[in-house]
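Residue numbers (full-length UniProt numbering): 1 to 178.
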(Lines of atoms letter the chains of each structure in order from A and count residues from 1; the text may use other names and numbers.)
(Lines give C-alpha, C1' and ligand atoms only; values in the text may rest on other atoms or scores of the structure.)
Protein backbone atom coordinates (compact mmCIF):
# COMPACT_ATOMS: atom_id res chain seq x y z
CA UNK A 1 0.00 0.00 0.00
CA UNK A 2 1.56 3.36 -0.97
CA UNK A 3 2.01 5.94 1.78
CA UNK A 4 -0.46 8.79 1.55
CA UNK A 5 -0.27 12.21 3.11
CA UNK A 6 -2.47 12.91 6.12
CA UNK A 7 -5.86 14.47 5.49
CA UNK A 8 -6.28 18.23 5.67
CA UNK A 9 -7.63 19.53 8.98
CA UNK A 10 -11.05 21.07 8.65
CA UNK A 11 -13.08 23.25 10.95
CA UNK A 12 -10.16 25.15 12.49
CA UNK A 13 -8.76 28.23 10.75
CA UNK A 14 -5.09 28.18 9.74
CA UNK A 15 -2.73 30.55 11.57
CA UNK A 16 -2.46 34.07 10.09
CA UNK A 17 0.33 34.92 7.70
CA UNK A 18 3.54 36.30 9.27
CA UNK A 19 3.00 39.68 7.59
CA UNK A 20 -0.12 40.56 9.58
CA UNK A 21 0.15 41.24 13.34
CA UNK A 22 -1.11 38.34 15.44
CA UNK A 23 -3.91 38.86 17.91
CA UNK A 24 -4.65 36.81 21.01
CA UNK A 25 -7.41 35.06 19.09
CA UNK A 26 -4.93 34.23 16.31
CA UNK A 27 -2.54 32.69 18.84
CA UNK A 28 -5.36 30.67 20.38
CA UNK A 29 -6.43 29.50 16.92
CA UNK A 30 -2.84 28.55 16.06
CA UNK A 31 -2.55 26.45 19.22
CA UNK A 32 -5.86 24.75 18.46
CA UNK A 33 -4.74 24.15 14.87
CA UNK A 34 -1.42 22.63 15.98
CA UNK A 35 -3.19 20.39 18.51
CA UNK A 36 -5.73 19.23 15.92
CA UNK A 37 -2.97 18.64 13.35
CA UNK A 38 -0.97 16.55 15.83
CA UNK A 39 -4.01 14.45 16.75
CA UNK A 40 -4.99 13.98 13.10
CA UNK A 41 -1.46 12.89 12.17
CA UNK A 42 -1.36 10.40 15.01
CA UNK A 43 -4.72 8.93 14.03
CA UNK A 44 -3.64 8.75 10.40
CA UNK A 45 -0.39 6.97 11.28
CA UNK A 46 -2.20 4.46 13.46
CA UNK A 47 -4.80 3.73 10.76
CA UNK A 48 -2.15 3.52 8.03
CA UNK A 49 -0.03 0.98 9.87
CA UNK A 50 -2.62 -0.93 11.90
CA UNK A 51 -3.28 -3.34 9.04
CA UNK A 52 0.46 -4.05 8.71
CA UNK A 53 0.92 -4.82 12.41
CA UNK A 54 0.04 -8.23 13.69
CA UNK A 55 -0.75 -9.27 17.25
CA UNK A 56 2.83 -10.53 17.70
CA UNK A 57 4.23 -7.15 16.62
CA UNK A 58 2.05 -5.30 19.12
CA UNK A 59 2.99 -7.72 21.92
CA UNK A 60 6.70 -7.39 21.08
CA UNK A 61 6.42 -3.59 21.01
CA UNK A 62 4.73 -3.59 24.42
CA UNK A 63 7.39 -5.91 25.90
CA UNK A 64 10.12 -3.64 24.52
CA UNK A 65 8.36 -0.62 25.97
CA UNK A 66 8.05 -2.24 29.42
CA UNK A 67 11.74 -3.26 29.33
CA UNK A 68 12.75 0.28 28.36
CA UNK A 69 10.67 1.77 31.17
CA UNK A 70 12.28 -0.63 33.66
CA UNK A 71 15.78 0.32 32.46
CA UNK A 72 14.94 4.01 32.76
CA UNK A 73 13.54 3.49 36.28
CA UNK A 74 16.68 1.56 37.32
CA UNK A 75 18.89 4.31 35.91
CA UNK A 76 16.86 6.98 37.73
CA UNK A 77 17.13 5.02 40.98
CA UNK A 78 20.90 4.79 40.52
CA UNK A 79 21.11 8.53 39.82
CA UNK A 80 19.00 9.34 42.89
CA UNK A 81 21.31 7.23 45.06
CA UNK A 82 24.37 9.01 43.66
CA UNK A 83 22.79 12.43 44.18
CA UNK A 84 21.90 11.52 47.77
CA UNK A 85 25.48 10.34 48.42
CA UNK A 86 26.92 13.51 46.88
CA UNK A 87 24.52 15.64 48.91
CA UNK A 88 25.76 13.94 52.10
CA UNK A 89 29.36 14.67 51.08
CA UNK A 90 28.54 18.31 50.34
CA UNK A 91 26.92 18.67 53.78
CA UNK A 92 29.96 17.10 55.47
CA UNK A 93 32.28 19.42 53.53
CA UNK A 94 30.20 22.48 54.48
CA UNK A 95 30.32 21.49 58.16
CA UNK A 96 34.08 20.87 58.07
CA UNK A 97 34.64 24.15 56.21
CA UNK A 98 32.67 26.19 58.76
CA UNK A 99 34.50 24.48 61.63
CA UNK A 100 37.90 25.25 60.04
CA UNK A 101 36.97 28.89 59.45
CA UNK A 102 35.73 29.20 63.03
CA UNK A 103 39.01 27.77 64.35
CA UNK A 104 40.79 30.81 62.85
CA UNK A 105 38.29 33.34 64.26
CA UNK A 106 39.65 33.06 67.83
CA UNK A 107 36.66 33.97 70.04
CA UNK A 108 34.54 35.46 67.26
CA UNK A 109 34.76 39.01 68.60
CA UNK A 110 36.61 40.48 65.59
CA UNK A 111 35.09 38.27 62.91
CA UNK A 112 31.94 36.34 63.68
CA UNK A 113 31.81 32.54 63.56
CA UNK A 114 30.28 30.81 60.57
CA UNK A 115 27.04 29.03 61.37
CA UNK A 116 27.77 25.29 61.35
CA UNK A 117 25.05 23.34 59.56
CA UNK A 118 23.24 20.47 61.23
CA UNK A 119 24.08 16.90 60.15
CA UNK A 120 20.99 16.91 57.89
CA UNK A 121 22.20 20.06 56.14
CA UNK A 122 19.77 22.53 57.67
CA UNK A 123 20.46 25.45 59.94
CA UNK A 124 19.53 25.49 63.64
CA UNK A 125 15.96 26.77 64.02
CA UNK A 126 14.49 28.63 67.01
CA UNK A 127 17.89 28.79 68.70
CA UNK A 128 20.23 31.76 69.12
CA UNK A 129 22.92 32.08 66.44
CA UNK A 130 26.33 31.14 67.76
CA UNK A 131 28.34 33.97 66.20
CA UNK A 132 30.96 34.27 68.96
CA UNK A 133 32.13 32.81 72.26
CA UNK A 134 29.87 35.17 74.22
CA UNK A 135 26.82 33.69 72.46
CA UNK A 136 27.93 30.19 73.49
CA UNK A 137 28.47 31.31 77.08
CA UNK A 138 24.99 32.87 77.21
CA UNK A 139 23.15 29.68 76.20
CA UNK A 140 20.58 28.51 78.72
CA UNK A 141 20.50 24.88 79.83
CA UNK A 142 17.57 24.08 77.54
CA UNK A 143 19.19 25.81 74.56
CA UNK A 144 22.51 24.01 75.13
CA UNK A 145 20.66 20.70 75.36
CA UNK A 146 18.76 21.46 72.13
CA UNK A 147 22.01 22.31 70.34
CA UNK A 148 23.59 19.05 71.55
CA UNK A 149 20.62 17.08 70.26
CA UNK A 150 20.49 18.96 66.94
CA UNK A 151 24.25 18.60 66.33
CA UNK A 152 24.15 14.97 67.55
CA UNK A 153 26.83 15.69 70.13
CA UNK A 154 27.34 12.91 72.64
CA UNK A 155 27.04 14.44 76.08
CA UNK A 156 28.76 13.08 79.16
CA UNK A 157 26.40 14.74 81.56
CA UNK A 158 23.60 17.23 81.90
CA UNK A 159 25.69 20.07 83.25
CA UNK A 160 25.20 23.27 81.25
CA UNK A 161 28.92 23.99 81.23
CA UNK A 162 29.74 20.54 79.77
CA UNK A 163 27.16 21.02 77.02
CA UNK A 164 28.50 24.49 76.21
CA UNK A 165 32.07 23.11 75.97
CA UNK A 166 30.93 20.32 73.66
CA UNK A 167 29.09 22.83 71.44
CA UNK A 168 32.11 25.14 71.42
CA UNK A 169 34.38 22.30 70.30
CA UNK A 170 31.86 21.14 67.70
CA UNK A 171 31.52 24.50 65.96
CA UNK A 172 35.30 24.94 65.87
CA UNK A 173 35.96 27.54 68.55
CA UNK A 174 39.70 27.53 69.36
CA UNK A 175 39.41 29.46 72.63
CA UNK A 176 38.63 27.57 75.87
CA UNK A 177 35.17 28.30 77.21
CA UNK A 178 36.39 28.74 80.82
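No residue lacks a Cβ here, since even glycine has one placed at the ideal position from N, Cα and C.
Under the three-state DSSP convention, the category residue i falls into
i: residue 125; result: coil
i: residue 107; result: coil
i: residue 112; result: coil
i: residue 141; result: helix
i: residue 118; result: coil
i: residue 175; result: coil
i: residue 80; result: helix
i: residue 147; result: helix
i: residue 92; result: helix
Neighbourhood of residue i by C-beta, 7 angstroms cutoff - its chain only, sequence neighbours within 5 removed
i: residue 150; result: 118, 124
i: residue 143; result: 127, 128
i: residue 155; result: 148, 162, 163, 166
6 angstroms CB neighbourhood of residue i in its chain, flanking five on each side removed
i: residue 153; result: 166, 170
i: residue 103; result: 172, 174
i: residue 98; result: 114, 116
Straight-line gap, residue i to residue j (C-alpha atoms, nearest Å)
i: residue 174; j: residue 86; result: 29 angstroms
i: residue 131; j: residue 162; result: 19 angstroms
i: residue 168; j: residue 69; result: 51 angstroms
i: residue 82; j: residue 120; result: 17 angstroms
i: residue 111; j: residue 80; result: 39 angstroms
i: residue 92; j: residue 147; result: 18 angstroms
i: residue 59; j: residue 66; result: 11 angstroms
i: residue 159; j: residue 106; result: 25 angstroms
i: residue 108; j: residue 138; result: 14 angstroms
i: residue 136; j: residue 90; result: 26 angstroms
i: residue 141; j: residue 157; result: 12 angstroms
i: residue 1; j: residue 76; result: The predicted model places residue 1 with a pLDDT of 48, which falls under 50 and marks its position as unreliable; any figure quoted below should be read in that light. Cα-Cα distance, rounded: 42 angstroms.
i: residue 84; j: residue 63; result: 31 angstroms
Start and end residues, alpha helix (DSSP H) containing residue i
i: residue 164; result: 160–171
Proximity to residue i [Cα-Cα], best of the options
i: residue 172; options: 121, 138, 101; result: 101
i: residue 122; options: 95, 160, 63, 137; result: 95
i: residue 145; options: 76, 177, 127; result: 127
i: residue 133; options: 77, 76, 177; result: 177
Any C-beta of chain D under 8 angstroms from that of residue i
i: residue 135; result: Any reference to chain D falls outside this structure, which holds one protein chain only.
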